[in-house]
Amino acid sequence: MLKENTIEDLTEECLSEIEDISLHHAGVVLMDVPARFANLKKICLRQNRIREIQYVDVEELDLYDNLIKKIDPLSQRLVFLDLSFNKIKSIDNLSALANLERLYLSNNRIPHITGLDTLGKLKVLELGKNRIKEIAGLDSLVSLEELWLGGNYIEKIEGVSCLARLRIFSLQENKLKRIEGLTGLEQLQEIYLGQNEIDSLEGIEETNTLNTLDISGNRISSLEELAQLENLEELWANDNKIETIDELSFLECTPLKTLYLSGNNAANHPNYRGKVWSYLSAVEFLDGNPVRILRE
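In the numbering used here, the protein residues as written are 11 to 306.
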């Protein structure tokens, strides 16, 4: 690996053998990679001042936290691309990246999900903290396993029923009012719906493969629909409208190990911990604390 502190006294032979260039926070302005790096596979130029993407024939390209405004043509060899924390306004010039498996575009200025039609091998898509209002344009992503859309302006869950391999789905900090559109997600294991405007768990029963559910910071008053989630191990339900600790009775048949319930009136019960254990004897962590310590 070539780092900022190992550049001096390199021979031509050494340059041709280098596979990985990593220059973090080094004041780099231009992506000027000499042809002498014949075996280069990975370039990481995080936290620099690059404004324009220049073509480089590599498998992994990391330009996190630069000043890039548009996506220029890229190498067909790419399997990993990180353009998070830039100033990108649209998803362009990705059609040739048939081998791409991981794409990170969080913290940009992207309003629409487009330009992904040819990315059939994509496994991870990160579009958090953009300006997206609608979930669309994902029909061709048949290999997608992780979809991160937190911190946008999405009002409705839709356009994901085709993602049969999806395991992780993040929609935190959006404008959702209900849970819907999850039919077809037969392998979904984790869904993050915290910090929305959801007042009912109706619709969550469509995902009985879940082991992790985040519904924190919503307006939920009942946990009844969770009774069907027979694989649920981790539940974040803090900061909701759950009034009584008896709502936990709906979770008695789940293998729940981690529970967050603070910020609800139910957590003010005088025998809060004891009541939790009476319903959920397998719980190992309660509100972030190991149960073993709380019992001592």
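Glycine residues also receive a C-beta, built at the ideal position from the N, C-alpha and C atoms.
>> For the beta strand (DSSP E) containing Tyr114, name the first residue and the last one.
In response: The continuous beta strand (DSSP E) containing Tyr114 extends over residues 112-114.
> Hey, which unbroken runs of the beta strand (DSSP E) at 3 residues or more fall wholly within the region 94-143?
Replying inline: Scanning the region 94-143 from its first residue to its last, the whole beta strand (DSSP E) runs of 3-plus residues come out as 112-114, 134-136.
> In the structure shown, what three-state DSSP assignment does Phe260 receive?
Replying inline: In the structure shown, Phe260 sits in a helix (DSSP, three-state: H, G or I).
> What are the start and end residues of the beta strand (DSSP E) that includes Tyr163?
Replying inline: Where Tyr163 is concerned, there is no enclosing beta strand (DSSP E), given that its DSSP letter is neither H nor E.
>> Please identify the residue among Ala174, Lys187, Asp249, Asn184 whose C-alpha is closest to the C-alpha of Thr217.
In response: Selected option, being the one with the closest Cα: Ala174.
> Roughly how many angstroms separate the alpha carbons of Phe95 and Leu84, rounded to a whole number?
Replying inline: Cα-Cα distance, rounded: 18 Å.
>> Would Lys267 and Val293 be called neighbours here (beta carbons separated by less than 8 Å)?
In response: In contact: Lys267 and Val293 (Cβ atoms closer than 8 Å).
>> Using the three-state DSSP reduction, which class does Ile185 fall into: helix, strand or coil?
In response: The sequence as given places Lys at residue 185; Ile does not occur at that position. Note: Lys185 maps to coil in three-state DSSP.
> Which two residues bound the contiguous beta strand (DSSP E) that contains Tyr202?
Replying inline: Where Tyr202 is concerned, the enclosing beta strand (DSSP E) stretches over 200-202.
> What is the DSSP secondary structure of Leu223, counted as helix, strand or coil?
Replying inline: It is a strand residue.
> Where does the unbroken beta strand (DSSP E) through Tyr270 begin, and where does it stop?
Replying inline: Segment 268-270, the beta strand (DSSP E) holding Tyr270.
> Within 10 angstroms of its Cβ, does Glu27 collect 16 or more other Cβ (buried), or is it exposed?
Replying inline: So Glu27 counts as exposed.
>> Extract the residue ranges of the alpha helix (DSSP H) inside the region 68-92, only unbroken runs of 4 or more that lie entirely within it.
In response: Whole alpha helix (DSSP H) segments, 4+ residues: zero.
> To the nearest whole angstrom, what separates the beta carbons of Gly298 and Trp246, a pair I think is in contact under 8 Å?
Replying inline: About 10 Å separates the two Cβ atoms, so there is no contact after all.
>> Are the CB atoms of Ile164 and Leu195 within a distance shorter than 8 Å?
In response: No. Outside cutoff.
> Where Ala36 and Arg61 are concerned, what is the direct C-alpha to C-alpha distance, given to the nearest angstrom?
Replying inline: It is roughly 14 Å from the alpha-carbon of Ala36 to the alpha-carbon of Arg61.
> Between which two residues does the alpha helix (DSSP H) carrying Ser288 extend?
Replying inline: Per DSSP, Ser288 is one residue of the alpha helix (DSSP H) stretching across 282-289.
> Helix or strand or just coil, what does DSSP make of Ser180?
Replying inline: It is a strand residue.
> So what does DSSP say about Asn278, is it helix, strand or coil?
Replying inline: Three-state DSSP puts Asn278 in a helix.
>> Taking 8 Å as the limit between beta carbons, can you name the residues of its chain near Ile78, skipping five residues before and five after?
In response: So the list reads Ile60, Arg61, Glu62, Ile63, Leu93, Asn96, Lys97, Ile98, once near-sequence residues are dropped.
>> Can you find the residues in the same chain that come closer than 6 Å, C-beta to C-beta, to Ile214, ignoring five residues on each side of it along the sequence?
In response: Closer than 6 Å at the Cβ level, and outside the excluded window around Ile214, lie Ile189, Glu235.
>> Let me confirm a value: Val39 is counted as buried when at least 16 other C-beta atoms fall within 10 Å, else exposed. Which label applies?
In response: Taking every protein chain shown into account, the CB of Val39 has fewer than 16 other CB atoms within 10 angstroms, so this residue is exposed.
>> As a quick exercise: from Glu240, Gln182, Asn103, pick the residue whose alpha carbon is nearest that of Gly160.
In response: In this structure, Gln182 is the residue among Glu240, Gln182, Asn103 with its C-alpha nearest to the C-alpha of Gly160.
> Quick one: what does DSSP say Leu236 is sitting in, helix, strand or coil?
Replying inline: Residue state for Leu236 is assigned as helix, using DSSP reduced to three classes.
> Can you tell me the Cα-Cα spacing of Gly130 and Ile101, whole angstroms?
Replying inline: Going from the Cα of Gly130 to the Cα of Ile101 covers about 16 Å.
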